[in-house]
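Below is one structure, written out as structure tokens; comments come after it.
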Amino acid sequence: MTKNIELAEVFTNIAKILKIQNENIFKIRAYEKIAETLENMPMEIETIYKTGKLDEIPGVGPAIAQKIGELLETGKLEYYEKLKEAIPTGVLELLNVPDVGPRKAKLFYEELGIDTVEKLEAAALQHQLQSLPGMGKKAEENILRGLELYKKREQRRPLGIALLAAEGIVAELKPLAEVAQISIAGSLRRRKDTIGDIDILITSLKPENIMEKFVNLPQAKEVLAEGMTKSTILTYQDIQVDLRVVPPDSFGAALLYFTGSQAHNIHLREMAVKQRLKINEYGVFQSKDDKKIAGENEQKIYEILGLRYIEPELREDRGEIEAALNNRLPVLVEVDDIKGDFHIHTNYSDGFNTIEEIVVAASKRGYQYIAITDHSQSLHIAGGLDEERLLEQIKRIEQINQSLEGITILKGIEVDIKSDGTLDIPDAILKRLDIVIAAIHSGFKQERKQLTERLRKAMENPYVDIIAHPTGRIIGYREAYDIDVQEIIQIAAQTNTALEINASPERMDLSDIYVKSAREHGVLLAIGSDAHQISALDHMAYGLAIARRGWLEKEHLLNTLSFDKLQARLKKK
DNA sequence: GCCGTTTTCGGCCCGACTGTTTTCAGTCG
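Following this note's numbering from start to finish, the first sequence increments by one per residue and tops out at 1384.
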């Protein structure tokens, strides 16, 4: 795990403990902010520390700079150790139970010695909570329900899963006569790679029927809350869905607010305050007389603040507001810009479809080219191709290509990078391909240095065009392997190797912050669907989401090149 | 604890809902 994430966790926990201790909320926010900054930073904090530039990071002052230094130098933090003596880490876990916040956690710990979720449940079942000050029967019941939700609550879902679920619900609600406008909001609208819950926004003057329909949806397993403006259900997939209804003239303000991110919203509201304005989910208001001056559309709200419209994918407070202010927002790549797919498997290895079936499907999607990239021999389990079968496939593709019009199949391979960094198909064969993508599929547990060197060696190979799924993470199943992504980006720039945005919903690799960093280092990105069947060609949309979240314009993406220009950009074979 | 196109001290985003309350605290997004 990278140091950034480790440090972020320490600062998050400090914030939680301080909350329980009822410290100054702004001090707490300072710790929360640095934790978030660390999580969102593509650079290693250690690198910045070594160059003595910690204080250039927004939100880092003398106190936090000292703490980062101490953590990096000693691996420990005296201040944090002291705090943990007062509030054990187990108590912090209580905060993850819905309806338990810092005040109740403190109450339960101090009055009943509750320092684990298990103890909390036992106490609730024995009705020990309802007699505590400020508690009551209802409150205790709510905690029990919170515990059920806590146990059910899955990890964050891949974007692909959540998006399908949300689109299903929108399709049910949209036809209702009372619905004026409907939109997906929240992190789903921002197309974040993983989704906690689904937010849907509707405008209407008559919400009753809409709410009625919503809580009785076939997808709804359980109703968690039901009100006039806000209801929450749990689906059979255990995904929480929030529906909010506002009047039509607040659509823009509500959409802005419910889309977030929270950091983006706070930044906008701070700007508004300086202009003697107030923004809430109903509109933009003048401070002097509370007069509403905007609300019906998002664009107008940005305009009033002196900003260009900011696409949802950019709203993470990662510099997009400053860019909008200076008219320097990227012109994000769009779906129509995509001319082809660089990562597709067939039934030559572990895919389901034939080359012919895939090319027909790709053609329907308007692609100019696709790369057939089956696994190579080391991946026995996936029926990887040895030299002989690869040569056979090359021949086959050349045959098929002769009969095609408007689309070309690129002869390719997803070649395995062996543990010593060599490839398991010799250069003499790679040379005969149009495109080579290389990937690590084994030896994930190697040391950081060794893994990074492995990738370096692969990128230095004169025939390797793209590194597939560069960090190897699988969402909810496997952590990224321990590579120095920043160094990989630099090597990619030096060797003119593209990095893949693997669009498979459980991979989504590279992730947005590294994509943005790659862009800044002049590295080209290449989206690959990693499709193993025709329907998965549509995963391209998820790859595009990452590209847009990584600030990519058309020119940063290999997939936007016409077939002719693409050939000129690939390494010479 | 951080920060500065009114400030190096005094600010720091905004509101809904719920439950236990006689006016508000806690939680959530």
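Quick reminder that beta carbons are idealized off the backbone N, C-alpha and C, glycines included.
Local Cβ density within 10 Å of residue i, reported as buried at 16 or more and exposed below that
i: Arg1139; result: exposed
i: Val887; result: For the record, residue 887 in the displayed sequence is Lys; it is not Val. Its Cβ having fewer than 16 others within 10 Å, Lys887 is exposed.
i: Ser1098; result: exposed
i: Ser1373; result: exposed
i: Ser1061; result: buried
i: Val1296; result: buried
i: Arg1087; result: exposed
i: Tyr1120; result: exposed
i: Thr1219; result: buried
i: Pro873; result: exposed
i: Pro869; result: exposed
i: Lys861; result: exposed
i: Lys1327; result: buried
i: Asn835; result: exposed
i: Met1022; result: buried
i: Tyr1288; result: exposed
Rounded Cβ spacing between residue i and residue j (contact assumed at less than 8 Å)
i: Ile1338; j: Met1319; result: Rounded, the Cβ-Cβ distance is 11 Å, inconsistent with contact.
i: Val1170; j: Leu1136; result: Contact doesn't hold; Cβ gap of about 46 Å is too wide.
i: Tyr1159; j: Gln1204; result: 5 Å
i: Ile1236; j: Leu1201; result: 7 Å
i: Thr1043; j: Lys1032; result: Thr1043 to Lys1032, Cβ: 12 Å. No contact.
i: Tyr961; j: Val1026; result: Tyr961 to Val1026, Cβ: 22 Å. No contact.
i: Ala1083; j: Ile1345; result: Actually they are not in contact, since the Cβ atoms of Ala1083 and Ile1345 sit about 48 Å apart, beyond 8 Å.
i: Ile1357; j: Asp1004; result: 7 Å
i: Glu1311; j: His1343; result: In fact, because the Cβ distance is near 16 Å, the residues do not count as touching under 8 Å.
i: Lys1017; j: Glu989; result: 5 Å
Collapsed DSSP secondary structure at residue i in the structure displayed
i: Asp1060; result: helix
i: His1402; result: Residue 1402 falls outside the range modelled here, since the chain spans only 812 to 1384, and no answer is possible.
i: Ile1246; result: strand
i: Ala991; result: coil
i: Thr823; result: helix
i: Lys1383; result: coil
i: His1154; result: strand
i: Asp1320; result: strand
i: Asn1313; result: strand
i: Arg1119; result: coil
i: Ala982; result: helix
i: Lys1327; result: helix
i: Leu1016; result: coil
i: Ala1134; result: helix
i: Ala1031; result: strand
i: Leu1234; result: strand
i: Ile1294; result: coil
i: Ile1277; result: strand
i: His906; result: It is worth fixing the name first, because residue 906 is Leu in this sequence and not His. The answer is coil: DSSP assigns Leu906 none of H, G, I, E or B.
i: Ile816; result: helix
i: Ser1174; result: helix
i: Asp1128; result: coil
i: Gln1179; result: coil
i: Glu1216; result: coil
i: Leu1266; result: helix
i: Ile1159; result: The question names Ile, but residue 1159 in the sequence shown is Tyr. Three-state result, Tyr1159: coil.
i: Leu1377; result: helix
i: Asp1148; result: helix
i: Asn1370; result: helix
i: Glu1258; result: coil
Cross-strand partners of residue i (DSSP beta bridge)
i: Glu1168; result: None; Glu1168 has no bridge partner.
i: Gly1223; result: Thr1184, Ile1246
i: Ala1105; result: Val1095
i: Ile1302; result: In the DSSP output, where bridge partners are listed per residue, Ile1302 has none listed.
i: Asp776; result: Residue 776 falls outside the range modelled here, since the chain spans only 812 to 1384, and no answer is possible.
i: Ser1005; result: For clarity, residue 1005 is Thr in the given sequence; the question names Ser instead. Pro969, per the DSSP bridge assignment.
i: Leu1143; result: Glu1364
i: Ala1036; result: Thr1043
i: Ala976; result: BP columns for Ala976 are empty, so no partner.
i: Leu1196; result: Ser1187
i: Arg1289; result: Ile1285
i: Ile1228; result: Leu1234
Length at least 4, wholly inside the stretch 1330-1368: the alpha helix (DSSP H) runs in chain order = The stretch 1330-1368 contains these whole alpha helix (DSSP H) runs: 1351-1360.
Alpha helix (DSSP H) runs contained entirely in the stretch 828-881, provided each spans 4 or more residues | DSSP assignment within the stretch 828-881 yields the following whole alpha helix (DSSP H) runs of 4 residues or more, N-terminal first: 836-850, 856-861.
In the stretch 909-968, which residue ranges form an unbroken alpha helix (DSSP H) of at least 4 residues, counting only runs that do not cross its ends?
-> Correct list: 913-923, 928-936, 948-963.
Contained alpha helix (DSSP H) runs [length at least 4] in the stretch 1040-1097, N- to C-terminal order | For the stretch 1040-1097, the full-length alpha helix (DSSP H) segments reaching 4 residues or more read 1062-1070, 1073-1085 along the chain.
Taking only runs that begin and end inside the stretch 879-904, name each unbroken alpha helix (DSSP H) of 4 or more residues, in chain order.
-> Entirely contained in the stretch 879-904, the alpha helix (DSSP H) runs reaching 4 residues are, in chain order, 889-897.
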